[in-house]
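Chains as they are written, first to last, in the working numbering: chain U, 87 to 314; chain D, 87 to 314; chain A, 87 to 314; chain B, 87 to 314. From the three backbone atoms N, C-alpha and C, an ideal C-beta is built for every residue, glycine too.
Number of protein chains: 4
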Amino acid sequence: MMMEKAERTEAGQTGHVARSDDGANPIAPQPDIPETGPAKRRLESRRKLMEAARRLFVERGYHATRPQDISREAGVGHGTFYLHFDDKLDCFLAFGDEAASELDVIIAAHLVSVQTLDDAVLEMLRGIFEYSRKNPGVLAAALTDISVLSTGEEVDRVVPADRWSLGWGRFLAEMQAKGHVAPDVDTTLAGYLIVGAIRQGGAYASLNGLDRDSTIEAMAKLFVRALK
Amino acid sequence: MMMEKAERTEAGQTGHVARSDDGANPIAPQPDIPETGPAKRRLESRRKLMEAARRLFVERGYHATRPQDISREAGVGHGTFYLHFDDKLDCFLAFGDEAASELDVIIAAHLVSVQTLDDAVLEMLRGIFEYSRKNPGVLAAALTDISVLSTGEEVDRVVPADRWSLGWGRFLAEMQAKGHVAPDVDTTLAGYLIVGAIRQGGAYASLNGLDRDSTIEAMAKLFVRALK
Amino acid sequence: MMMEKAERTEAGQTGHVARSDDGANPIAPQPDIPETGPAKRRLESRRKLMEAARRLFVERGYHATRPQDISREAGVGHGTFYLHFDDKLDCFLAFGDEAASELDVIIAAHLVSVQTLDDAVLEMLRGIFEYSRKNPGVLAAALTDISVLSTGEEVDRVVPADRWSLGWGRFLAEMQAKGHVAPDVDTTLAGYLIVGAIRQGGAYASLNGLDRDSTIEAMAKLFVRALK
Amino acid sequence: MMMEKAERTEAGQTGHVARSDDGANPIAPQPDIPETGPAKRRLESRRKLMEAARRLFVERGYHATRPQDISREAGVGHGTFYLHFDDKLDCFLAFGDEAASELDVIIAAHLVSVQTLDDAVLEMLRGIFEYSRKNPGVLAAALTDISVLSTGEEVDRVVPADRWSLGWGRFLAEMQAKGHVAPDVDTTLAGYLIVGAIRQGGAYASLNGLDRDSTIEAMAKLFVRALK
DNA sequence: GATGAATGAGCGTTCATTCAT
DNA sequence: CATGAATGAACGCTCATTCAT
C-alpha cells in the first residue's frame, strides 16, 4: 500500500534542500542551476514556497499554518505545494533543515579562529544570537518538538534539536581531547543539555526583552564553568 | 479573553487545580472532599476525566487526543467534558498543573533536610527522575511547548515549564543568599537554563536508555560546577 | 495503524441495516424501536440519510454523489453522515444491502405458492420488474460493480450481485432436486448467468422503453428453455 | 456536446480507432502507417499511450488510473496524453474499442466455417475465453459500466457492452433467418441477455477458478437450449 | 510535436464544541 | 448533573486539465 502510494506520488522531491557549503567554506562545488526551462520554474516555485513557509511557520506556528496559506503567500497554486512536498510535515522539516544549515554556516564562520573554550562557547552563542536577530523566531520554530507534530508515524526523522545537540557534543569532545574540557564530562550529554538550556534560555531572554550581550555572557559563563 | 471565556462557562468550574504555593513548597491546601451528594458525583467525574486525559495525553500527545476520546476513556458522556473544562486546552493545562503539583510534592520531600548546593541539586534531579520513573511520559507531555498547541490566541496562559523555571530561579536565589551560589550568577536565567537542560537531557537519556543514576550524577555535577 | 483508526472511529454503525423479516414471514421478532430519547434521534437521522443516499445514488450514480450532497438532501449536518457510515463506500453498500433486502421480500412474496419452474421464473422476474417499477433505477445502482468503486482495498465485501446470483443458484438447485431442472445444469453457474442476463437485459429494456410484460415473458421463456 | 469537445481539440485526433464493420466482421480497413517523419513519432506516442493505458486500466481500474500515470508508464510527457485524447474517458473508450476490435477479429476467425448454432455459440465462447486467457482482465475492464465512470454528462457515448450485445443480436437474427433459432425469440433482447450472462458468468468462473473448457460447454449448452 | 510544472476546484473526512433530552 | 447525537467550518490533499517553454 505504501508502495502503491509512493508510486502514485509525484516525482519531484529532491529531498530536503541541498546543504550549501559556502560561507566559511570557500570552494563550493557549483551545482548546475538551470537558467531557463521548466527546471528553473520548478526551482523558483520551491524557493517561493520555502520562503513563504518560513514566514508563516515563524509567525503563526506549525498548526496554525495551513498548506494553502503557504501556497497563497508564495503566490502559487495550492497543488504546487504538493508538487514540492509530500505533505505539511515534510514542508516543515524542510524549513527546519534549511534553518539548521544556515545556522551551521554562521557558527562555522564564528568558530574560524577561536582557540580557547571560553571563546568557542562565546562565539557559538554569538552566532546563535546573531542568527536569531537576523531571523527572529526561526530557531524557536525550527526547534519545535517533532513528536508534537507527527501523528505517531515518522518519529525516526532526525530533528534539528538532535542534530545540534550532537554537533555540540562532537565539538565538546574535540575540546576535551585538547584538554579544554574536564575529562569527567560526558560530552554527548553535555551537548544535549546545552542545546536544551539555550532553547529555554533564549525563549526567556526574548520574552522578557533581556539585553542580548549580557545574556550571552551570562550563559557563556555558566556553560564554561560547568565544562571546565 | 480569558475573562470572556470564563463568562461563557456557567458551571462552577473548579478550574485549574488549586496551586500549591509554587516552586518547591510541598504542602498544598487540602480542599474539602464531600463524601456524598451531587458534588461527589461531580468530583468523581472530574477525577475520571483527569485520569483519562493524563493517560491519553501521555500515550498519544495533545493533538492526537480528542475530547471525545477522553470522555470515552473516562466512561462519561462527551458533554460532561465541557462541564469540567472550558475547552481542550484548559483540560491539558489542568493535566500539566496536576503533574506539576505532584512533582512539587516529591521534590519538597527530597529537599527536606539538604544543606549544601550539591545535595540540593542532586536531590532535585533525583526527585524529577523518581517521578519520571513512576509516571513515564508525564513530564515530557506536560512540558509540551504551549505555542505549538495554541492556534495563535492564548499564549498568555502560564505553562508548566515557566513555572518550574521560576521555581528553580527562586531556589537558586535562596542558595545565593546563603552563599552557596556564586554572586555573579543571574539566578532567574539559570533557572530557565537548568529546566531546559533537564528537558532536553532527560529526553536524550530516556531515548538512549542511559543509566538513571549516572545520568543524574553527570547532570548534577555540571549544574553545580556552573553555579559555584 | 488500522487498529488505532478503528479505535478513534465513532461508535455508531450497527452495521448494514438489520434485515427485515416481515413480508412473507408472518412472525417477525419486534426489535425494540425506542420511541423517544437520543436513540430515536439517531434512528431518524439514519433513516433520513439512507433515503437521501438512495435518491442520489439512483439519480446521479456513485461517483457523482458526494457525502455532503447526501447530508444536505437528508437535512442533517455533514458530520452526521460520518456518525452513521464509516465512509462513502460504506454508505453505498448499506444502500445496496437495503435494496437487496427489499427485493428479497418482494420475491419471497411472489414465490409463496408457485409450483412449476415456469411459474417460479416468471414470478421472480415479475417480482424484480415490480420492484424496478416501484423503485426506478435502484437495482441498476445497487448492482454497480463494486470493483469499480473501491480503491483496491475491500474487495472481500459481498456484493449484491453475488448475493442474488447465489440465491438463484440455490433456488435452481431446489428445482433440480424436484426434477424441474435438467440434471446436467450447473445450477450455481446458471444462477450467475441469469443475474447477469437480467441486469444487462433490464438495462436494455428500460433504455429502449420496451413493454414490461412482454419483456418478462420473453426473458422467462429463454431462461426456462435453457434450464429444462 | 461531443462536437463542442471536438472543436476544442486542435490536433488531428485520429480519435477512436477506425471501427471494423461491427459485430463479427473480421476484416478491418488497413490505415496507412507512415514509416518516417513526425507522423510516425505521433503514432509511436499514441501506441505507447494505448499500451500503458491498457496495462493500467486492467491493473488498477478506471478511477485509480490517472492520466499522469498513463503518461509516465508510456514514457511520454504528461501533456502528450492530451495531444492524443480529449480526456481520460476518451482514452478509456479508445482502450475499450481496441479490445473490442481485437476480440472481433478472434471471434471472426472462430466463426469462419461453422454451420450449426451449437458450433457457432461454442466457437464464440471459445473465442471470448481465448481472448480472456491471452489478455487477462481486459474484457472485464472494457466492460466497465460507463454510467459508473461518467459524472452525469456523457452517457451518450457508445459502450462496448452495447456494441457486443447488438453484434450478438445481429448474429442471432441471421441464425434465426436460417432457421437455426426458434422464430419466437427476440434476437436483440437475447443478444443483450447473452452478453450479460457472459460477463457475470465469466467473472464467476475466473473468481472461483473454474475449468475453462467445462465452463464454456456448460454456458454453450444453456444458451443453445434457450435459443432453439 | 512534445514537455512537465502549474493549477485550483473539489474531494472525503475530522473534531472541538453545542444543546435538546 | 449528565448525556451523546448533531454540527459545520475547516482540514490536508488529489488529479484532470492547461499552457508557457
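Between the segment 286-293 of chain A and the segment 274-294 of chain B, can you find at least three pairs of beta-carbon atoms closer than 8 Å? yes
CB-CB length for D/Arg-219 against D/Ile-302, believed under 8 Å: D/Arg-219 to D/Ile-302, Cβ: 11 Å. No contact.
Under a CB-based cut-off of 7 Å, is A/Gly-287 close to chain B? yes
Counting C-beta neighbours from all protein chains within 10 Å, is the total for B/Val-310 16 or more, i.e. buried, or is it exposed? buried
So, B/Ile-192 versus B/Met-210, is the Cβ gap smaller than 7 Å? no
In terms of residue numbering, what span does the alpha helix (DSSP H) encompassing B/Asp-155 cover? 153-160
With C-beta atoms as the reference, is A/Ala-185 less than 7 Å away from A/Val-224? yes
Rounded to the nearest angstrom, what separates U/Asp-297 and U/Ala-291 at their Cα positions? 8 Å
Closer than 7 Å, CB to CB, is D/Asp-299 near chain U or not? no
With a threshold of 7 Å between beta-carbons, can A/Val-380 be considered close to chain B, or not? Summary: the structure shown does not reach residue 380 of chain A, with chain A confined to residues 87 through 314, and so no result is reported for it.
Alpha-carbon to alpha-carbon, A/Leu-135 and A/Glu-159: 8 Å
From D/Pro-222, D/Met-261, D/Thr-230, residue whose alpha carbon lies closest to that of D/Leu-293: D/Pro-222
What span of residues does the alpha helix (DSSP H) with A/Val-281 cover, start to end? 273-293
Applying the criterion that 16 or more other CB atoms from any shown protein chain within 10 Å of the CB defines a buried residue, is D/Gly-265 buried or exposed? exposed
If I'm right that D/Leu-203 touches D/Lys-314 with Cβ under 8 Å, what's the distance once you round it to whole angstroms? 7 Å
Other residues of its chain near D/Ala-97: CB distance less than 7 Å, five sequence neighbours each side excluded: Residue confidence is low: D/Ala-97 scores 41 on pLDDT, short of 50, so the model does not pin down where it sits. Its coordinate-derived value is still stated next. The answer, listed in chain order, is Leu-169.
Same chain, Cβ closer than 8 Å to B/Ala-306, five either side skipped, listed in chain order: Asp-204, Val-207, Leu-208, Leu-211
Which same chain residues, not among the five before or five after U/Arg-132, have their C-beta less than 8 Å away from its C-beta? His-170
Would you verify that the beta carbon of U/Arg-311 is, or is not, closer than 7 Å to some beta carbon of chain D? It does: the Cβ of U/Arg-311 has a partner Cβ on chain D nearer than 7 Å.
Roughly how many angstroms lie between the CA atoms of U/Ala-180 and D/Thr-166, to the nearest whole one? 41 Å
N- and C-terminal bounds of the alpha helix (DSSP H) containing U/Lys-126: 123-146
With C-beta atoms as the reference, is A/Ser-300 less than 7 Å away from A/Tyr-278? no
Segment limits, alpha helix (DSSP H) that includes D/Asp-204: 203-220
Restricting to Cα atoms, I'd like to know which of D/Ile-156, D/His-164, D/Trp-254, D/Val-271 is closest to D/Asp-190. Comparing C-alpha distances from D/Asp-190 to each of D/Ile-156, D/His-164, D/Trp-254, D/Val-271 shows the shortest one belongs to D/Trp-254.
Proximal residues, the segment 152-177 of chain B versus chain A, C-beta separation under 8 Å: none
Compare the C-beta of U/Ala-195 against all C-beta atoms of chain D and say whether one is closer than 7 Å. no
Among B/Ala-312, B/Ala-263, B/Gly-295, B/Ala-304, which has the Cα closest to the Cα of B/Ala-276? B/Ala-312
C-alpha distance - B/Leu-197 paired with B/Thr-230, whole-angstrom precision: 26 Å
So what's B/Pro-269 in DSSP terms, helix, strand or just coil? coil
Three-state secondary structure assigned by DSSP to B/Ala-150: coil
Taking B/Val-198 as part of the alpha helix (DSSP H), name the residues at either end of that continuous run. Taken as a continuous stretch (DSSP letters only), B/Val-198 belongs to no alpha helix (DSSP H), as it is neither H nor E.
Thinking C-alpha only, which one of D/Thr-151, D/Gly-295, D/Gly-182 is nearest D/Ala-228? D/Gly-182
Distance, D/Arg-249 Cα to U/Arg-249 Cα: 28 Å
What residue from D/Gly-295, D/Leu-142, D/Leu-129, D/Glu-130 has the CA that sits closest to D/Phe-178's CA? Of the candidates D/Gly-295, D/Leu-142, D/Leu-129, D/Glu-130, D/Leu-142 places its Cα closest to the Cα of D/Phe-178.
So, does the CB of A/Leu-225 fall closer than 7 Å to a CB anywhere in chain B? no
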